[in-house]
Structure formats: structure tokens, C-alpha cells
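Protein chains: 2
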Amino acid sequence: MSRKIQIYNTLTRKKEEFKPIVKNHVGMYVCGPTVYGDPHLGHARPGITFDVIFRYLKHADYSVRYVRNITDAGHLENDADEGEGKIDKKARLEQLEPMEIVQFYTLSYHKAMEKLNCLSPSIEPRATGHIIEQIEMVKKILDNGFAYEINGSVYLDVNKYNEKYPYGILSGRNLEDTLEGTRELDGQSEKKSSVDFAIWKSASPEHIMRWPSPWGDGFPGWHMECSAMSEKYLGKTFDIHGGGMDLVFPHHEAEIAQSNACNNCSPVNYWMHNNMITVDGKKMGKSLGNFINLEEFFTGKHEKLDQSYSPMTIRFFILQAHYRSTVDFSNEALKAAEKGFTKLMNAMETLGKISASENSTFDVNDLEQKCYSAMDDDFNTPILIAHLFDGVRIINSVKDGKESLNSSSLEKLKTLFNTFVTDILGFISAKESSGDDLTNEVMELVLQLRGNAKKNKDFDTADLIREELEKAGIQIKDSREGSSWEVK
Amino acid sequence: MSRKIQIYNTLTRKKEEFKPIVKNHVGMYVCGPTVYGDPHLGHARPGITFDVIFRYLKHADYSVRYVRNITDAGHLENDADEGEGKIDKKARLEQLEPMEIVQFYTLSYHKAMEKLNCLSPSIEPRATGHIIEQIEMVKKILDNGFAYEINGSVYLDVNKYNEKYPYGILSGRNLEDTLEGTRELDGQSEKKSSVDFAIWKSASPEHIMRWPSPWGDGFPGWHMECSAMSEKYLGKTFDIHGGGMDLVFPHHEAEIAQSNACNNCSPVNYWMHNNMITVDGKKMGKSLGNFINLEEFFTGKHEKLDQSYSPMTIRFFILQAHYRSTVDFSNEALKAAEKGFTKLMNAMETLGKISASENSTFDVNDLEQKCYSAMDDDFNTPILIAHLFDGVRIINSVKDGKESLNSSSLEKLKTLFNTFVTDILGFISAKESSGDDLTNEVMELVLQLRGNAKKNKDFDTADLIREELEKAGIQIKDSREGSSWEVK
């Protein structure tokens with residue numbers, strides 16, 4: 149199957165048909181976390197967005213090399229090339245070696261991504277693992293005349309660069325705008341111009357993470373790692389680069405400049421950016437008291453949360469919006485998502501139990517076509533989910549005897565749900581994600597005991613079962629096909 | 149609490165009292181996996197051994213920095229500095245980028261260690277993340293006159309080194325023995341002497357993993373990474389270095405030589421080595437058909453296995469032997485371990501349910517003293533486990549009314565079991581490791597239903613429950629305190 153997939157390209161500001169550089173292969177680079185704090189919604193959204201894109205491209209028979217980096221050095225407290233390194237600072241505050249911070253938060257990031265059922269990327273390179281590659285790139289940029297060294301730091305000369313390449317091409321900012329925004333720093337900096345950015349920084353004596361270089365001890369500028377690592381693993385020009393919209397400027401703009409300045413070619417064919425999230429209508433921020441990390445969502449332990457929300461509720465909620473729309477987290481919205489998700493997964497379970505009729509009253513082929521069209525249209529997951537709910541309606545109607553499916557349609561619908569719900573959207577039911585077949589087996593027994601009790605008119609026992617299960621958060625549902633259970 | 153811990157030091161071939169370099173702090177480095185294949189028993193044993201040592205040192209109030217590396221470059225097919233890189237070869241065979249191999253097997257190693265309930269080390273550095281540090285060390289060794297460069301490779305000059313430092317000090321091999329073993333290579337090699345080893349290797353054109361260096365494109369010799377990374381994170385001399393006994397020569401011998409040659413000081417105060425494992429009395433080997441990886445043990449899917457063995461059975465079995473003894477895996481031995489482990493964990497559950505009497509017939513302080521003495525004596529886990537089984541006997545006798553514990557003894561015994569079984573040996577019950585409170589809650593209901601059925605002389609229902617649970621691998625045990633269940 150060779151699908152025609154449309155991708156909205158931030159670079160051209162329009163949807164374009166996706167054409168890979170190498171037939172049947174996709175190289176995709178996504179900006180990963182700076183590992184100095186607990187994983188939060190700002191990690192969940194790109195994680196889930198590009199996971200679904202990764203899954204869909206694989207489903208479309210592409211061989212995908214998905215590279216997502218771990219930033220474990222170079223990311224400073226502010227974007228003006230000043231201030232302490234984020235990881236250095238955390239290490240100083242906690243009296244740990246920076247790499248202990250990196251280890252701890254890399255593991256918690258992995259754990260969170262696993263709970264959200266995001267597949268591991270093919271390669272997860274680290275900034276500290278590619279210092280040599282970054283130094284080599286800085287050398288080339290210097291050789292090509294697009295950078296200058298001063299006091300052991302190397303800066304990309306944006307004015308010089310802009311004479312040959314359009315700086316601001318991705319973000320749509322021109323050089324004057326950028327200068328306007330940064331002018332207040334003039335005179336306080338060693339840079340020739342406030343728009344210049346560090347590609348190598350001299351390390352002050354207290355900076356722990358440092359490496360020898362031709363310009364003395366230092367560390368790479370934050371933007372360098374992605375240029376060096378994407379080139380190493382995907383080539384000088386590759387297919388897709390993803391990340392959050394907040395990275396468009398300066399980070400991704402800087403990546404384009406670095407690649408042009410080094411290799412005289414643009415690094416990426418399709419730039420994709422997920423939009424931002426807000427919490428109760430406000431930007432998430434530690435000072436605003438609405439900074440909720442993922443573990444707090446999963447456990448419900450945060451004063452802003454009415455209850456816990458499972459990783460699948462978070463995943464469902466994020467995918468209910470298109471990745472280019474903003475998403476606002478609130479208890480109300482998450483509770484609605486929880487309901488919707490449960491409805492979808494229950495229908496999937498029902499689908500496994502309903503039986504085929506002679507005739508079909510529903511066109512599954514048409515539904516399938518709509519599902520693919522939604523995903524082919526810039527990975528439009530909310531439209532896909534809406535179509536899947538048409539399927540849910542049919543499944544429940546067939547169960548109630550109001551509609552019917554013949555055996556080939558029924559098989560097709562099962563395949564469709566497995567493909568889109570499980571493989572592409574990456575949803576797993578609460579039962580599966582509890583990871584326990586044992587519960588399933590014991591619950592089968594309990595349902596059997598309840599059935600026997602009812603048959604024997606032993607209503608005390610039947611009631612006891614229902615009550616105790618409710619205490620455990622399990623709800624029993626009776627239908628013509630028998631009883632089933634779900635975790636509330 | 150400042151315990152006196154005796155450690156068997158491979159370097160001195162005797163037990164010595166452990167004295168840390170910095171008061172209350174321990175630096176421990178353990179050789180981790182070369183990530184090019186599925187995790188197997190050869191990973192499980194050092195993983196579990198040093199996990200228990202890590203846990204015990206922390207329990208003894210040391211602040212421990214535990215560094216375990218990931219070898220993702222430099223490890224060649226054979227020890228004579230010839231042949232393809234292990235990861236390069238796997239990448240070539242599977243037509244993948246080497247870092248895709250590294251990512252895949254690093255994640256499966258982490259997953260296996262997590263199942264075995266091994267705590268994450270404080271830092272998990274990678275060879276590819278420390279190429280600069282390795283190059284710097286090679287430079288110093290060259291400057292100090294203990295190495296020579298030829299055709300872009302750098303070799304440690306063992307004869308020269310041996311004039312100043314005793315080469316073979318750890319393994320007890322003298323230079324003549326070593327020469328004897330390697331002589332057949334003479335004349336085929338660019339090395340001055342067959343005992344010399346590469347600290348930097350020139351990369352042949354087909355070698356994928358390569359970095360620029362003062363000696364041309366190449367990659368570090370395998371032994372270099374541990375010297376460079378242990379120095380970076382633990383200092384030029386640190387407390388404990390661990391690994392499997394197969395690493396004593398040449399790997400650890402080379403580490404000592406590299407550190408002496410670079411820093412003129414011995415890197416490690418206490419060298420600790422776990423002994424080897426065999427399967428059915430034979431060395432484990434792919435050609436022998438007895439190579440069973442950990443996932444195969446956990447699922448039972450290997451022709452040599454009668455059944456599956458849980459991660460905790462494997463952990464218990466390994467800790468039932470002292471780390472310096474060999475361990476032979478067989479179905480019989482593992483089944484016995486499974487029984488022993490279940491007995492231990494059942495006793496722990498019983499301990500939570502028995503009630504205190506007026507008087508004690510058993511001296512818990514004495515048992516506690518014995519448990520600590522076992523661990524203080526070179527981490528003697530089999531002796532510790534034997535003492536814990538004295539505790540098991542008492543717990544079961546108290547349950548049966550044949551012995552008694554007063555309330556303070558009972559509390560002490562609970563603390564002792566929590567400390568040694570859970571915190572130090574790192575055992576978790578099958579119920580906990582299934583990770584599911586839901587099963588516990590549903591099982592409570594099932595036991596209640598069974599109790600009611602028996603009371604009402606409804607033996608059909610009682611039998612049905614027992615039979616269905618047995619099919620699910622759950623066994624019910626009845627006692628005076630009521631019924632309990634366990635996963636077989």
C-alpha cells in the first residue's frame with residue numbers, strides 16, 4: 149500500500165504531499181526532553197503526537213528510523229546564551245554529579261512514555277555522546293566563514309549568514325524583528341550582534357560539564373546537538389523534523405542556519421510542530437501553581453485535580469485534538485475524555501462478542517476509507533476518532549439487534565478497530581494496561597459464580613459480588629451476550 | 149550505624165575490612181553489558197550480585213555512587229584486538245545503524261534488570277559518550293611513554309609498563325605466562341609484542357563506528373572506556389570495582405595498567421568478582437544448545453526448560469549461592485528454589501497476621517545479629533537466607549501455637565524481615581510483582597465467596613472455585629487464621 153499522506157509543513161505554511169527522500173524509507177527526528185525535571189504534559193504531547201505519526205508511517209509500510217534525542221548538556225537557563233546549564237544547576241542544588249540527574253530523569257521520562265504507550269524511538273542519542281561530532285561541525289562553520297571565536301566561545305554570525313541564506317525562514321521573523329526583540333542585551337555581551345547565537349560556549353570555572361576543544365574547555369551550544377545528531381543518524385538532509393511549536397524559534401531556526409552554514413544545504417524537508425497545552429486556560433508554570441507532572445495526573449495527587457487520570461485518558465484527550473490545535477487541560481475535559489475512552493474500549497470488547505448475521509446494514513468499507521482519509525490528511529486524529537465512534541454506534545446497535553453485520557463485514561470491522569485503535573492510535577484497555585492476565589482469569593470465575601448465584605436465585609451472593617466489585621472499582625455489565633466487566 | 153564489612157579483594161586474595169576513601173561515601177563501578185544481544189544469565193548474576201551489595205552499603209548508611217557502564221562501542225569479536233566490533237557486526241547482519249542495535253538491547257537489558265528488581269545505578273555512562281575522555285587518556289599514556297602509535301592505532305607497551313609496575317597483579321599471571329598464551333600471533337601483528345593491547349584502534353574503511361583523533365579516524369580499545377568513565381565519575385582511585393570473574397583478565401588487568409600508565413596510581417581499592425554460571429553442568433554457549441536468555445526463563449519457552457521460572461525465582465536461586473561460588477542452573481535446582489522462595493514469602497505474609505503473646509520463646513536479637521554478621525562477612529547471602537529460614541520456622545511455629553513472641557519481639561521480627569528480605573535481598577512477592585492491587589481485591593472476594601459456600605455446605609461451588617483458581621495458577625491455603633492464596 150502506498151498512501152498519499154499530506155503533511156502540514158511549518159516551513160511552507162501549507163499542506164504538502166509527503167514524498168520521502170529514499171523510497172519506502174522515512175528519517176524522522178524529534179526534539180526530546182532536557183532531563184532535569186519530572187516529565188509533564190509538555191513532554192506527553194510531542195511524545196504522543198510523534199508516536200502516532202511513527203505508528204502511521206510504519207503502518208503505511210515505510211521503514212522508519214525515528215530519532216529522538218536526550219538533552220543532557222548545553223541547555224542553558226535562558227535563550228540568550230547566558231546563565232547556568234539547566235542540568236548543572238539542578239546538580240548543584242541537589243549536590244549530585246550532573247550525570248546522576250541525567251540518569252534519574254531519563255529513567256522517569258522513559259517510564260512515563262511507556263505508561264503512555266509510546267513506542268521507543270529507533271535511536272535515542274544524547275548530547276554528551278556527540279561532543280566530537282558537534283565540535284567537527286563548529287569547525288566547519290568557522291571554516292566556511294559563518295562564525296567567529298571570541299574568548300573561547302564560538303558564535304554563529306547571523307548577519308553574515310543572512311547575506312547568503314534567509315535567516316528566519318521557518319519562524320517568519322525577519323532579522324529586524326529579531327534584533328528588535330534582543331536589543332536590550334547590546335553592550336553587555338561579547339557577541340558582535342545580539343542576534344548571534346553560541347555554537348560553542350567557553351566554560352566558566354564553576355561549570356561542571358565541560359570538554360576540551362580547539363577553543364579551550366567548554367560545551368556545545370544547545371542548538372548544535374540536534375544538527376550534529378540528526379546529520380549523523382539521518383543524513384545532511386532528511387525527511388521529517390518534529391517538536392513543540394515553542395521550539396520553532398530560536399531552536400529550529402538555529403538548526404537550519406547551522407546546517408546551511410556547515411553543509412550548504414537545508415536539513416529538513418518537512419518541519420512539523422505540535423501546538424501548546426494550557427491548564428485551565430493558562431500557560432502551565434511553576435509559579436502559577438498549575439504545573440502538574442504526569443505522575444500527579446496518574447495518581448490524582450495534586451490540589452488542582454479532582455481525581456486520578458489514567459495514562460490512556462491523557463493519551464485519548466491529547467489525540468482528541470489535532471496536533472496543530474491547542475489543548476486545554478481541565479478536570480471537566482479530562483473526565484469527558486475518560487468517558488469517551490471507556491466507551492470506545494467497551495465497544496471494542498463488545499465487537500469481539502457479537503455474532504454475524506446474514507446481511508449487513510452498514511458499509512464497513514466506507515468507514516475504513518474515511519479513517520484512512522483522516523490520517524492521510526495531516527494525521528487528523530480527532531476526525532479519525534469521530535469516525536471510530538460511528539463504528540462504536542454500529543457495534544452497540546448490532547449488539548442490541550437494531551443493525552446487523554454479515555461475517556465478512558464483521559471481520560473487516562474487527563480488523564479496522566485493531567488497526568486504528570490499537571496499532572495506530574496506540575490505545576490499550578485498562579485491563580491490558582494493568583498488565584495482569586491473572587485479574588482477567590479470576591474475574592472470569594467471579595462472573596461465573598455470579599451467573600450461578602442468579603440462576604439459583606441466591607440474590608445475597610449476587611449482590612455481595614456486585615457490591616464488593618464496585619468497591620474495587622469494577623463495574624459489571626449484563627447484556628444478551630453475557631456479562632462483562634470494566635474498570636471504572 | 150557504622151558496620152565493619154569484610155570484602156574479599158581479588159587483588160590481595162583475602163578478605164579485608166572495608167574502609168572507604170571518603171568517610172560515609174562509596175564509589176562503586178561495575179562492568180555492564182555490551183549491548184548487542186538478549187540479556188541472559190551472564191547479565192543477571194553480576195546485576196543481582198552488585199545490586200545486593202549496593203543495597204547493603206546503602207542500608208549501612210553509606211552514600212553510594214554506583215556507576216555501571218553500557219558498552220556500545222569498541223568491544224571486538226575477540227580479545228586479540230582483531231576482528232569486527234560486536235555491535236558493528238550485529239548491525240551489518242541486521243542491516244541497521246549500530247545505534248539502533250544499541251537502543252534495542254539497552255532497553256531490553258533495562259527491562260530484564262527491572263523484572264529482577266535490580267535498582268538502577270546512579271550513573272549509566274556509555275562508551276560512545278566518552279570518546280573525548282578516552283582520547284585524552286590515550287594522549288597522556290603516550291606522553292608518559294607507556295604506549296606507541298603505529299598505523300593509526302595506539303598500543304599499551306606492556307613490557308615497558310612491566311618495568312615500572314607489576315603487570316598481572318590482579319590475575320596472578322606473570323608476563324611469561326601471558327606471552328606463552330599469545331605467542332602464536334607473533335609476526336602477524338603490527339604490535340611490538342603479542343602481550344600489548346590496543347588503547348586506540350585505527351578504523352578500517354568498513355568499520356561504521358569511528359571518530360576523529362590525533363591518530364586518524366578510529367575507535368577506543370575496549371578496556372579504555374572503563375578507565376576513562378570510572379575516573380570521570382569516581383576519581384583517579386575509587387573504592388570498589390566489580391564484574392564477572394571472566395573479566396579479571398584481560399579487561400580488569402588492562403584497566404589497572406591504563407590507570408597506572410596515565411595517572412601513576414592504582415585505580416581501585418577493592419576488586420570484587422562474581423563467579424561464573426553453568427547450565428546443566430556445562431558452560432553456557434550458543435553452539436551447545438544450552439544458551440537460555442532471561443525472557444525464555446521467565447516464559448518457559450525453551451526446549452531445555454520444564455516450565456517458566458519467575459524473575460524472583462532466578463533472583464532467589466542466584467542469591468542462594470555466595471557470589472564467589474559457581475552456580476549451576478538446572479530445572480531441578482530452579483524448582484527447588486521456587487519452593488524455597490514461596491516458603492519464605494508465605495512466611496512473610498503469615499508474619500503480618502500472627503498475634504503477640506505475653507512471652508517470647510525465641511530470641512530475635514540473636515537472629516538479627518546473625519543476619520548482619522552474614523552480610524558483613526563478604527555479603528554472604530546463602531548464610532543470610534539460612535538464618536532467615538530459622539525465622540520462617542519460628543513464624544510457622546507461632547502460627548501453629550508451638551512457639552510464641554511478645555509484641556516487641558514480633559515487631560522486631562517484622563522489621564528484620566522487611567529489612568533483609570525486601571530492602572537488602574530485594575525480594576518481592578509474586579502478588580506484588582504482578583503489580584496489581586486489583587487481583588488482590590478480587591481474590592479477597594473470591595475467598596469470601598468460597599468461605600460462604602463451605603459454610604452453606606455448597607461444595608459444588610467451593611470445588612469450582614478451587615479448580616478454576618488452580619487452572620489460573622493460584623493455590624488456596626487454609627489455616628486457623630483463615631484462607632490465603634498464592635501464585636504457584
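Just so you know, the protein sequences line up as chains A and B, in that order.
Using this note's numbering, you'd call the opening residue of the first sequence number 149 and step up by one each time.
Using this note's numbering, you'd call the opening residue of the second sequence number 149 and step up by one each time.
Don't be surprised by glycine CBs; every beta carbon is placed ideally from N, CA and C.
Identify the contact partners of residue 251 (chain A) in chain B, using a Cβ-Cβ distance below 8 Å as the criterion.
268, 269, 270, 271 and 272
At a CB distance below 8 Å, what residues from the region 582 to 602 of chain B approach chain A? Give them in sequence order.
582, 583, 584, 586, 587, 589, 590, 591, 592, 593, 594, 596, 597 and 600
Can you tell me the Cα-Cα spacing of residue 458 (chain B) and residue 485 (chain B), whole angstroms?
11 Å
Excluding the 5 residues flanking residue 478 (chain A) on each side, which residues of the same chain have their C-beta closer than 7 Å to its C-beta?
428
To the nearest angstrom, how far is the alpha carbon of residue 583 (chain B) from that of residue 220 (chain A)?
The pLDDT assigned to residue 583 (chain B) is 48, lower than 50, so where the model puts this residue is not dependable; a value taken from the coordinates is nonetheless given after this. For residue 583 (chain B) and residue 220 (chain A), the distance between alpha carbons rounds to 31 Å.
By the 7 Å beta-carbon criterion, what residues does the region 358 to 386 of chain A contribute toward chain B?
359, 360 and 381
Mind pulling the chain A residues with CB within less than 7 Å of residue 247 (chain B)?
271, 273 and 381
Is DSSP giving residue 209 (chain B) helix, strand or coil here?
coil
From residue 234 (chain A) to residue 153 (chain B), what distance separates their C-alpha atoms?
39 Å
What are the boundary residues of the beta strand (DSSP E) that residue 389 (chain B) is part of?
386 to 392
Buried or exposed for residue 241 (chain A), please, with buried defined as at least 16 other CB atoms from any protein chain shown within 10 angstroms of its CB.
exposed
Closer than 7 Å at the beta carbon, the chain B residues around residue 277 (chain A):
274, 276 and 277
Cutoff 7 Å; reference residue 254 (chain A); Cβ partners in own chain excluding five residues on either side
183 and 218
Check whether the Cβ of residue 619 (chain A) lies closer than 9 Å to any Cβ atom in chain C.
Although the question refers to chain C, the structure presented lacks it and instead comprises the protein chains A and B.
Please list, in chain order, the chain B residues whose beta carbon lies closer than 8 Å to that of residue 609 (chain A).
597 and 600
With 9 Å as the threshold, decide whether the Cβ of residue 444 (chain B) is near any Cβ in chain A.
no
So if DSSP puts residue 367 (chain B) in a beta bridge, which residue, or which two residues, is it bridged to?
B:349
From what residue to what residue does the alpha helix (DSSP H) around residue 253 (chain B) run?
246 to 263
So residue 368 (chain A) and residue 222 (chain A) are supposed to be a Cβ contact under 8 Å. How far apart are they, rounded?
5 Å
If you run the structure through DSSP and keep just helix, strand and coil, what is residue 469 (chain A)?
coil
Assuming residue 482 (chain B) and residue 510 (chain B) are in contact, meaning their beta carbons sit under 8 Å apart, how far apart are those beta carbons, in whole angstroms?
Contact flag wrong, Cβ pair sits at about 32 Å.
With the cut-off set at 9 Å, would you say residue 513 (chain A) and residue 560 (chain A) are in Cβ contact?
yes
Please report how far the alpha carbon of residue 633 (chain A) lies from the alpha carbon of residue 476 (chain B), in whole angstroms.
45 Å
Let me know the alpha helix (DSSP H) ranges lying completely inside the region 475 to 534 of chain B, each 4 residues or longer, listed in chain order.
479 to 499 and 512 to 524
Residue ranges of each beta strand (DSSP E) run of no fewer than 3 residues wholly in the region 407 to 444 of chain A, ordered along the chain?
416 to 422 and 425 to 427
Euclidean distance between Cα positions of residue 555 (chain B) and residue 265 (chain B):
32 Å
I'd like the list of long-range same chain contacts for residue 598 (chain B), defined as Cβ closer than 8 Å, with 5 residues on each side in sequence excluded.
609, 610, 613, 614, 624 and 631
Please confirm whether residue 505 (chain A) and residue 573 (chain A) have their CB atoms less than 9 Å apart.
no
Is the shortest distance between the beta-carbon of residue 613 (chain B) and the beta-carbons of chain A less than 9 Å?
yes
Those residues which DSSP pairs with residue 625 (chain A) across a bridge
A:632
Taking 8 Å as the cut-off, does the region 377 to 389 of chain A touch the region 310 to 327 of chain A (at least 3 CB pairs, one atom from each stretch)?
no
Among A:471, A:340 and A:544, which one has its Cα closest to the Cα of residue 500 (chain A)?
A:544
Residue 212 (chain A) CB to nearest chain B CB: under 9 Å?
no
Return the first residue and the last residue of the beta strand (DSSP E) that residue 176 (chain A) is part of.
173 to 178
What is the residue span of the alpha helix (DSSP H) that residue 116 (chain B) lies within?
Because chain B here runs from 149 to 636, residue 116 (chain B) falls outside it and cannot be looked at.
Following the continuous beta strand (DSSP E) through residue 218 (chain B), name the residue where it begins and the one where it ends.
Counting along the chain, residue 218 (chain B) falls outside any beta strand (DSSP E), and DSSP gives it neither H nor E.
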